[in-house]
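Trainee: In full-length UniProt numbering, the protein residues as written are 22 to 343.
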Ligand code: AVJ
């Protein structure tokens, strides 16, 4: 049995220093806002997987059902090509694509990209042993750091599922999509999962599950600071808060500090003071309208080939062509 390969294309700055500096910047910005990519250490990635299994979290289940129904059709539209997946996590939903690819002719190469080494290794092992005919190369880096690989991988389909693009502000999203278009060749494909605008109660339940897994996911960002930056933050004084902001069509997710506290982040040696009741934003999760997002994506260099949705129109999967 082959051991799946893992590559690290961007051996950038020290990861601990990167985390520490981003935390200092985030705590000191007004409003306080931490970068959501740091939610996904080994612990956080495992908690996110647990979120996807909660009854209230409809996103993964809905997208998976669209993929199951449409994977063969997607493969017919794209023809044979390699698959690179951004933020692949457990790669579970991607099985639908891999199976459709295997049913057609030609060898299949799969490049999952994730920041979490632990979940990337586990996913590569699982995919490699479940589908011996698929050549799997794990890529451990941030999304943008994988873009330089795309020119060599063309013809390629870039999959970005789960509505992870909803973590970006509108400006960050168009910058990201333009950079992706620039890194791809004409004729390459982009498969994008988008969570759609819906009733407030459904959205707020999805981000405030009964079992409290999402709350543990938010709190884990601060637990990670304690583990990696020696910060001794009192985790019992942190509450998870998530609500839908209809004006901006996004779920805003924050940590609320129920007691005032000061702590030190050790590589930069900076002290942070947070007052009682203060909020620190950990994520935004934007919700989309097809009539707005389609022209936006077209302005950023893609043409929309097909739009697939579920019967409740809760989630959309867009097949775009560069
Ligand atoms: C992985 C970014 C798509 O926004 O729904 C789930 C992350 N955060 N519950 C989302 C998340 C809290 C998730 N994405």
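All C-beta atoms, glycine included, are put in the ideal place defined by N, C-alpha and C.
The structure presented is a predicted model; accordingly, all values stated were derived computationally and were not measured.
Do residue 136 and the ligand AVJ come close, with the Cβ less than 8 Å from some heavy atom?
Mentor: For the purposes of this step, residue 136 is identified with residue 115 of the chain shown, where counting begins at 1. Residue 136 Cβ: outside cutoff for every heavy atom of the ligand AVJ.
Trainee: Could you have a look at residue 281 and say whether DSSP puts it in helix, strand or coil?
Mentor: If you number the chain shown from 1, residue 281 lands on position 260. Coil.
Trainee: Please check the pair residue 258 and residue 278, which I expect to be a contact at CB under 8 Å, by giving their CB distance rounded to whole angstroms.
Mentor: Here residue 258 corresponds to residue number 237 of the chain shown, with the count starting at 1. Here residue 278 corresponds to residue number 257 of the chain shown, with the count starting at 1. Right, the Cβ-Cβ distance comes to about 6 Å (below 8 Å), so this counts as a contact.
Trainee: Comparing the CB of residue 11 with every heavy atom of the ligand AVJ, is any distance shorter than 8 Å?
Mentor: In the structure displayed, the chain extends from 22 to 343; residue 11 sits before or after that span and is not available.
Trainee: Can we count residue 72 as close to the ligand AVJ, meaning its CB is less than 8 Å from some heavy atom?
Mentor: By one-based count along the chain shown, residue 72 stands at place 51. True, at least one ligand heavy atom lies under 8 Å from that Cβ.
Trainee: So, with DSSP's three-state summary, where would you put residue 316?
Mentor: Residue mapping note: residue 316 aligns to position 295 of the chain shown, counting from 1. Here residue 316 sits in helix by DSSP.
Trainee: Can you tell me where the beta strand (DSSP E) with residue 306 in it begins and where it stops?
Mentor: Position 285 of the chain shown holds residue 306. Annotation for residue 306: the continuous beta strand (DSSP E) segment containing it runs 300-307.
Trainee: In whole angstroms, give me the CA-to-CA distance for residue 310 and residue 330.
Mentor: Within the chain shown, numbered from 1, the residue matching residue 310 stands at position 289. Within the chain shown, numbered from 1, the residue matching residue 330 stands at position 309. In a straight line, the C-alpha of residue 310 is about 12 Å away from that of residue 330.
Trainee: Taking 9 Å as the CB-CB limit, is residue 37 close to chain D?
Mentor: Reference to chain D is not applicable here, since this structure consists of a single protein chain.
Trainee: Suppose only complete runs of 4+ residues qualify. What are the alpha helix (DSSP H) ranges in the region 185-217, listed by chain order?
Mentor: 191-204
Trainee: Please classify residue 100: is it buried, with 16 or more other beta-carbons within 10 angstroms of its beta-carbon, or exposed?
Mentor: Here residue 100 is taken as the residue at index 79 of the chain shown, counted from 1. When all chains shown are included, residue 100 counts as exposed.
Trainee: May I ask which residues mark the beginning and end of the beta strand (DSSP E) holding residue 324?
Mentor: On the chain shown, position 303 is the one that residue 324 refers to. Run containing residue 324: 324-330, per the beta strand (DSSP E) assignment.
Trainee: How long is the line joining the alpha carbons of residue 112 and residue 287, rounded to whole angstroms?
Mentor: On the chain shown, residue 112 is found 91 positions in, with the first residue counted as 1. On the chain shown, residue 287 is found 266 positions in, with the first residue counted as 1. Approximately 34 Å, taken between the alpha carbons.
Trainee: Specify the secondary structure class of residue 161 as computed by DSSP and reduced to three states.
Mentor: Position 140 of the chain shown, counted from the start, is the residue given in the question as residue 161. DSSP places residue 161 in strand when its eight states are reduced to three.
Trainee: Assuming residue 250 and residue 40 are in contact, meaning their beta carbons sit under 8 Å apart, how far apart are those beta carbons, in whole angstroms?
Mentor: For this step, residue 250 is matched to residue 229 along the chain shown. For this step, residue 40 is matched to residue 19 along the chain shown. Indeed they touch by this definition, with Cβ atoms about 7 Å apart.
Trainee: Measuring straight from C-alpha to C-alpha, what distance separates residue 147 and residue 51?
Mentor: If you number the chain shown from 1, residue 147 lands on position 126. If you number the chain shown from 1, residue 51 lands on position 30. Their backbone Cα atoms lie some 42 Å apart in a straight line.
Trainee: Going straight from the alpha carbon of residue 121 to that of residue 102, what length do you get?
Mentor: Along the chain shown, read from residue 1 onward, the residue named residue 121 stands at position 100. Along the chain shown, read from residue 1 onward, the residue named residue 102 stands at position 81. The straight-line gap from Cα to Cα measures roughly 12 Å.
Trainee: Looking only at its chain, what residues have a beta carbon closer than 6 Å to the beta carbon of residue 130, apart from the 5 residues adjacent to it on each side?
Mentor: Within the chain shown, numbered from 1, the residue matching residue 130 stands at position 109. Once the five neighbours on either side are set aside, the close Cβ partners of residue 130 are 103 and 156.
Trainee: Below 8 Å, how does it come out for the region 170-183 and the region 288-301: are there three or more Cβ pairs, yes or no?
Mentor: When Cβ pairs closer than 8 Å are counted between the two stretches, the region 170-183 is seen not to touch the region 288-301, the count staying below three.
Trainee: Residue 103 bridges to which residues according to DSSP?
Mentor: Sequence index remark: in the chain shown, residue 103 carries index 82 (1-based). Its beta-bridge partners are 177.
Trainee: Quick check on residue 133: buried or exposed, where buried means 16 or more other Cβ atoms within 10 Å of its Cβ?
Mentor: Here residue 133 corresponds to residue number 112 of the chain shown, with the count starting at 1. Buried.
Trainee: Looking only at its chain, what residues have a beta carbon closer than 8 Å to the beta carbon of residue 341, apart from the 5 residues adjacent to it on each side?
Mentor: Residue mapping note: residue 341 aligns to position 320 of the chain shown, counting from 1. The answer, listed in chain order, is 210, 211, 212, 213, 318, 323, 324, 325 and 326.
Trainee: If I'm right that residue 260 touches residue 266 with Cβ under 8 Å, what's the distance once you round it to whole angstroms?
Mentor: Reading the chain shown from its first residue, position 239 is the one you call residue 260. Reading the chain shown from its first residue, position 245 is the one you call residue 266. 18 Å between Cβ atoms; not a contact.
Trainee: Measure how close the beta-carbons of residue 308 and residue 271 come, nearest whole angstrom, since I'm counting them as under 8 Å.
Mentor: Numbered from its first residue, the chain shown carries residue 308 at position 287. Numbered from its first residue, the chain shown carries residue 271 at position 250. At roughly 6 Å, the Cβ-Cβ gap stays under 8 Å, so residue 308 and residue 271 are in contact.
Trainee: Along the chain, where does the beta strand (DSSP E) that runs through residue 292 open and close?
Mentor: Working through the chain shown from its first residue, we reach residue 292 at position 271. For residue 292, the uninterrupted beta strand (DSSP E) segment begins and ends at 291-295.
Trainee: Could you spell out where the alpha helix (DSSP H) holding residue 37 opens and where it closes?
Mentor: Here residue 37 is taken as the residue at index 16 of the chain shown, counted from 1. Element bounds for residue 37: 36-49.
Trainee: Looking only at DSSP bridge pairs, what is residue 264 linked to?
Mentor: Your numbering for residue 264 matches position 243 in the chain shown. When beta bridges are read from the DSSP output, residue 264 appears opposite 273.
Trainee: For residue 81, is the classification buried or exposed, using 16 other Cβ atoms within 10 angstroms of its Cβ as the cut-off for buried?
Mentor: One-based indexing of the chain shown puts residue 81 at position 60. Residue 81 is classed as buried because its beta carbon has at least 16 other beta carbons within 10 Å across all chains shown.
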